[in-house]
Structures are given as structure tokens and as C-alpha cells.
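**Student:** Sequential numbering from 18 applies to the sequence shown in our numbering.
Here you go, one structure.
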Amino acid sequence: MVNSLKNTQFSPVQPESRWMPEAMVMLILMRIIIFLIVAFQDVSAVKFSAGNRLKSGGMAEKRAAARFR
Numbered sequence: 018m019v020n021s022l023k024n025t026q027f028s029p030v031q032p033e034s035r036w037m038p039e040a041m042v043m044l045i046l047m048r049i050i051i052f053l054i055v056a057f058q059d060v061s062a063v064k065f066s067a068g069n070r071l072k073s074g075g076m077a078e079k080r081a082a083a084r085f086r
């Protein structure tokens, strides 16, 4: 803890150079999380439309939906 404080006091360039890779990693992580959320929403939308078809459809569609699940 004391060593890190000494480093920030003596060399003001070091925290910025240490912060830049963390910012890049955070940007990459945010992109991955957003991509996963979008993909999961697409999958849940497909399941939701299949469930709506199960409510309004006939017996053959219900059997196909049950087999799909």
C-alpha cells in the first residue's frame, strides 16, 4: 500500500500507463457482455414465440413444441 502511494507521488506518468490496459480490458468485457445479452434475448424470443404457438396451435404443434423443449 505504502509502496504504491510512493510510486504515484514520485512518477505521475505511472498510474496513467497502468490505467490504460484496464480501460481496454473493461471495454472488451463490456462488448462481450452486451453481445451475450443480445444473443440471450434472441434465444429467449425464439422460445417465447414457440410458447405462443403452443397456446394457439393444434395438437400436432403442441407435440412438436414438447419435443422441441
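For every residue, glycine included, the Cβ atom is placed at its ideal position computed from N, Cα and C.
#1: Roughly how many whole angstroms lie between the Cα atoms of residue 40 and residue 61?
#2: Distance, Cα to Cα, residue 90 vs residue 38?
#3: Using beta carbons (cut-off 7 Å, strictly below), is residue 55 in contact with chain D?
**Tutor:** Reading it off the structure:
#1: 31 Å
#2: Residue numbering for the chain in the displayed model covers 18 to 86; residue 90 lies beyond these limits and cannot be assessed.
#3: Judged by its chain identifiers, the structure shown contains no chain D, having just a single protein chain.
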